[in-house]
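Let me begin by presenting the structure, written as structure tokens, before commenting on it.
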Amino acid sequence: MNITKNYNEKELTLYVEGRIDTITSQDLDKEINAEIGNFDSLILDFANLEYISSAGLRVLIATQKKLKPENIPFIIKNVNDIVNEIFRMSGFDKILKIE
Amino acid sequence: MNSLKLDLDINELIKLNAFINKIIAKKDIQVDLIAEEIFVNIVNYSNSDFINVNAQYENQTLTLEFIDNGIPFNPLLKEDPDTPDTIEETQIGGLGIFLTKQLADDISYDYLNGENHLKIIKKVE
Chain A
1 MNITKNYNEK ELTLYVEGRI DTITSQDLDK EINAEIGNFD SLILDFANLE YISSAGLRVL
61 IATQKKLKPE NIPFIIKNVN DIVNEIFRMS GFDKILKIE
Chain B
100 MNSLKLDLDI NELIKLNAFI NKIIAKKDIQ VDLIAEEIFV NIVNYSNSDF INVNAQYENQ
160 TLTLEFIDNG IPFNPLLKED PDTPDTIEET QIGGLGIFLT KQLADDISYD YLNGENHLKI
220 IKKVE
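As given, the protein sequences belong to chains A and B, one line each in that order.
The opening residue of the first sequence carries number 1 in the numbering used here; numbering runs sequentially from there.
The opening residue of the second sequence carries number 100 in the numbering used here; numbering runs sequentially from there.
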């Protein structure tokens with residue numbers, strides 16, 4: 001997994017490439033937590049994400065749980081078919097904002 | 100049949116993925132997902148001394164068997180998590196097994212000689 005950060009004013013986009021599995025999901029969690037407080041909206045761009053397991057889904061849910069009380073928008077975009085299928089199966093496509 | 104013995108260490112996931120990808124001679128995201136979810140569950144909850152993985156691939160069908168000598172656990176008896184309506188009520192436990200059940204073509208469980216045997220069948224095109 002590789003993460004590239006980009007700030008546009010206070011909108012943070014994290015471009016996540018490769019695989020979010022049990023091992024790498026910890027790095028994604030750390031990266032997001034390190035930036036909390038610095039952004040007023042968060043976008044995860046999954047255009048080059050090829051894989052996500054339940055450990056990765058857990059990070060997304062934990063992030064949404066942290067940001068929602070602060071009214072900070074959290075958007076996941078450019079999800080490919082394979083990853084989208086995993087979102088759909090988990091039912092998380094209905095509770096995360098996926099564009 | 101091919102076999103692999105793994106330690107109860109999350110980092111062994113890399114070895115497991117490589118082992119399976121070699122057997123099916125390609126990468127398959129759904130197979131990777133099944134293997135990861137079962138493996139991680141055993142590492143985190145079984146208290147086993149080892150994990151043995153047997154794999155066989157024929158007629159475009161992959162059979163994976165996970166064997167451990169940990170706490171008896173039949174994942175097929177585990178209730179599926181409720182489909183969440185709101186972020187507040189979303190629970191994340193049990194999701195890995197739920198995904199595995201949806202992706203696998205067949206799953207069977209046996210407790211034999213003090214060992215959990217979980218067999219998963221998955222068609223790989």
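Using N, Cα and C, we set each Cβ at its ideal position, and we do this for glycine too.
Sixteen is the threshold: when 16 or more other Cβ atoms of the shown chains lie within 10 Å of the Cβ of A/Q64, as they do, the residue is buried. Beta-bridge pairing by DSSP links B/G169 to no other residue. C-alpha of A/I52 to C-alpha of A/D29: approximately 13 Å in a straight line. Residue-level contact by beta carbon holds for B/I109 and chain A, with a gap shorter than 7 Å. Here B/K221 is buried: its Cβ has 16 or more other Cβ atoms, across all protein chains shown, within 10 Å. Between A/M1 and the set A/N48, A/I61, A/R58, A/I76, the nearest pair of CA atoms involves A/N48.
A/Y15 has a beta carbon lying at 7 Å or more from every beta carbon in chain B. Less than 7 Å divides the Cβ of B/L107 from the Cβ of B/V142.
Note: A/S41 is bridge-paired with A/E11 in the DSSP secondary-structure output. Between B/I122 and B/A154, the C-beta spacing is below 7 Å.
A straight-line Cα-Cα distance of about 43 Å links B/P174 and A/Y7. For B/P183, at least one C-beta of chain A is nearer than 7 Å to its own C-beta. Contact with chain B is absent for A/G37, since none of that chain's Cβ atoms lies less than 7 Å from the residue's Cβ. According to DSSP, residue pairing for B/Y208 in a beta bridge involves B/L217.
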